[in-house]
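Residue numbers (the working numbering): 23 to 998.
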């Protein structure tokens, strides 16, 4: 088979991978399942897909269509060839505003489709919590919907037409057809597969006994979220099978079919007018889940656009998440549940009026104790908090996790309170509890029991809970799947949900469309046991890892396992944020944070080597991690891939030696110290074309990258010799601050350090600087953690008794000073850990410190110029992850007539030494071109470009030819 795959790779214009690394990266999705595929294909066009279909048919294997890979029921996990269309099938093909439709390829991202539609005044309604990376093909496959389904329904209701490749490689177009045309297609007599599928559906749905059995066994009609098996119940309610109904369209069946019937290449969607411009959220607080569900029945009578539940477990998780803790501003006390009721209207007055009436009725019923009504940007924060629920649940320390097993049940809303009571009674029998969140308004609460799937007991419990809840759902005539689909998780229970006869109808349907079972087999029908092929093998023994970094309340492996595959790292630059810059540039799954977590989990769990880090496969997948720290804050699971990469590199070096370039970069300070003896000679060498080329070649740096020069003096030397002559007297009670002299400011950006001292002094602060070693940033970035630990512990010993709330430590370079708050508390040995944590509380970026001073009124606009200037600000990655660029914006806005615009860029692409390295240079510049470089080039000549990071400023210069300034430089020049 391997020889055949290699031949197939030569025949495809796209790519085909059959190496263990790529197969491992595609062995999981966002579900609990794991199975190594035969290969991974990245088709370039339809011709490639046709060739893959032929290959699968000839070689008795299968094809598994995949887009973003965010399925929760194992839909894109299997042992065939994964066909990833997310890279090349990304075009929006046509829009017809008059007829209100758009035609797209399956790899178009839902949110990006809406960005395209907005200027036309339209919108694709169904919204998943993964909408900034979920793709239309996957939404059709799973029949996705979201919080607004009470208004917009599911993807099925908007699917007008698909162009598909059938299992014999033939092309077909499915759309709405009249009864006469339906019968004509059945009678074509050409023997084609397309004709056969029309004949088969006429045979089963035209049978009166089948009709009665379908109507009796499928979920009750009032439940709009219904993904149980193939949607033959909905096709039954079309002409020609039911009089007076809408015309037949196979799209109803294809939506929710999980890629098991046909391979979609084009999708035509109905689009809706943009919703009313005003959104209001009534965030009702309750003491119990039961109260919130009873209130939900009342709320739905007011025709909201959404009614979403957030329980206390989710709210607790948000407290420790860097991003989501900022979105808790509206929470009062410790509610047992919050019901977020959304109203869309043309004016805030209309929303206030209807929300007031709802509040009054709830209060009269004794339901709810706090009723904040939120508008504007606050609404985005609430929805961000709600959508982060899935990822936040992965933050639970240890091996017990909130598992997706019965999280997708849909029940009539009037039955929901009683259903949830009985549901929780079942869990109590097993000493379990569940997280409750999501779509109360449509009768679907995402319920996730906390189970350890690494144990035999947990594996069996996973199954037992699924069996009992399936029985309960059937009792309420509900749907076992409301939006996440059946996949491998629920397929086994479809027979129970719809009866033996109906189940056999589904099997007949599947094997008529796909006689040789090549399209995503073992999903929906003939599904294996739901507790087999899981991500974790019950009883798997993993020897303890000896790590340099401390991983609080967990091991390094458990930290990697926090990644649940939700794919937040697959969002593009159009959605904003930093994570993940390499994926944004390459659009390769291999370059996601998810892929890096997957490869670490795989080898740290299954390696037979004594040093389980000693695998080139891990090195290759982690290579394009820029250590930007975007995942630390933006990943809802808080996976800190930069920390994991640093730890990996140390152990990989232990086995394979430290490369020359890594040693050189790690010893950046020492080398600069030598060069600073004769800075003029050094600067000539790095600026001269001939000599700099030699230096770059020897160092492994890109020839097109400029090298940083040295200042004529160091900041430490200037502060010791020159500053005492310049400084003026301050009042005896002037507040004091300590300045951390990082290696970049000391040697390269000395003028910024000087201006920082002068600015702070002019603003009334006594600036102190004591002798201390370099930061450990360069050493950590190259995985030289043992050496970095020595430096970090020196820093702690030097500063722990000096730095207090009244005498804080300030830093200029974000990557250096923020190490005190980020890595150092986990890097130092246990005897220093508490001191490091206490010290971290009083360490600030100079931007943060001045921003907080301005907030207190200690800085005033009249201290600065009245001149009018416009500034474009690019925030540093670690500043975004551990602080916020808003501090830089605030201080740059102190001059009364300065306007500041934050560039919506992620990582600049330089990331310390990454952008210098010859093999990374092109990617570095690609990342810069995503947002940052165009924004800088488009700035007018009199616009100032601000960037707190030394690497960012260097990248701007190399990428655009423009000079970016540190915010301190701009503020220093604005002093009066």
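All residues carry an ideal CB built from backbone N, CA and C; glycine is no exception. Fair warning: this is a prediction, and the values are worked out from it, not measured in the lab.
Buried versus exposed call for residue i [16 or more other C-beta atoms within 10 Å across all chains shown]
i: residue 847; result: buried
i: residue 563; result: exposed
i: residue 84; result: buried
i: residue 484; result: buried
i: residue 74; result: buried
i: residue 706; result: exposed
i: residue 817; result: buried
i: residue 202; result: exposed
i: residue 615; result: buried
i: residue 703; result: exposed
i: residue 637; result: buried
i: residue 367; result: buried
i: residue 992; result: buried
i: residue 712; result: exposed
i: residue 718; result: buried
i: residue 286; result: buried
i: residue 403; result: buried
i: residue 852; result: exposed
i: residue 794; result: buried
i: residue 23; result: exposed
Which residues DSSP lists as bridging residue i, in chain order
i: residue 62; result: 39, 104
i: residue 123; result: 118, 292
i: residue 366; result: 301
i: residue 271; result: 198
i: residue 833; result: 867
i: residue 308; result: 359
i: residue 814; result: Answer is none; residue 814 lacks a bridge partner.
i: residue 468; result: 459
i: residue 285; result: 187
i: residue 891; result: 920
i: residue 939; result: 723
i: residue 789; result: 759
i: residue 886; result: 997
Same chain only: Cβ atoms within 6 Å of residue i, ignoring 5 sequence neighbours per side
i: residue 594; result: 606
i: residue 806; result: 688
i: residue 149; result: 168, 170
i: residue 677; result: 633, 636
Assumed close pair residue i, residue j - CB separation to whole angstroms, cut-off 8 Å
i: residue 733; j: residue 773; result: 7 Å
i: residue 516; j: residue 250; result: 6 Å
i: residue 396; j: residue 302; result: 7 Å
i: residue 881; j: residue 801; result: The pair is not a contact, with the Cβ atoms about 36 Å apart (cut-off 8 Å).
i: residue 791; j: residue 761; result: 5 Å
i: residue 173; j: residue 147; result: 7 Å
i: residue 377; j: residue 304; result: 5 Å
Residues of its chain near residue i, where Cβ-Cβ distance is below 7 Å and the 5 sequence neighbours each way are ignored
i: residue 474; result: 421, 422, 480
i: residue 221; result: 208
i: residue 1023; result: Only positions 23 to 998 of the chain appear in this structure, which leaves residue 1023 out of reach.
i: residue 722; result: 683, 939, 940
i: residue 241; result: 248, 250, 499, 500, 501
i: residue 77; result: 30
i: residue 911; result: 895, 922, 924
Same chain, Cβ closer than 8 Å to residue i, five either side skipped, listed in chain order
i: residue 145; result: 136, 139, 293, 294, 295, 296, 297
i: residue 686; result: 693, 721
Closer than 8 Å to chain B by CB, residue i
i: residue 519; result: The chain labelled as chain B is not found in the depicted structure, where only one protein chain is given.
Does the region 41 to 50 come into contact with the region 639 to 647, if we say contact requires no fewer than three beta-carbon pairs (one atom in each stretch) closer than 8 Å? yes
Check: Is the region 450 to 465 in contact with the region 526 to 536, if contact means three or more CB pairs nearer than 8 Å?
Finding: no
- Check whether the region 487 to 507 touches the region 460 to 477, counting contact only when three or more Cβ pairs, one atom from each stretch, lie closer than 8 Å. yes
*asked:* Taking contact to mean 3 or more Cβ pairs, one atom from each stretch, closer than 8 Å, check whether the region 957 to 969 and the region 933 to 946 are in contact.
replied: no
Pairs of beta-carbons, one from the region 907 to 919 and one from the region 987 to 996, closer than 8 Å: are there three or more? yes
Q: Answer yes if the region 250 to 262 comes into contact with the region 152 to 159, meaning at least three C-beta pairs across the two stretches below 8 Å, and no otherwise.
A: no
Segment contact, 8 Å Cβ cut-off, at least three pairs: the region 966 to 985 with the region 894 to 914: yes
Exercise. Would you check if the region 269 to 278 and the region 182 to 198 touch, i.e. whether three or more CB-CB distances between them fall below 8 Å?
Key: yes
Margin query: Across the region 648 to 661 and the region 671 to 679, are there enough close Cβ pairs to call them in contact, namely three or more that are closer than 8 Å?
Written below: no
Three or more C-beta pairs below 8 Å linking the region 819 to 837 and the region 756 to 771: yes
Worksheet item: At a cut of 8 Å, does the region 316 to 334 reach the region 563 to 573 through at least three beta carbon pairs?
Response: no
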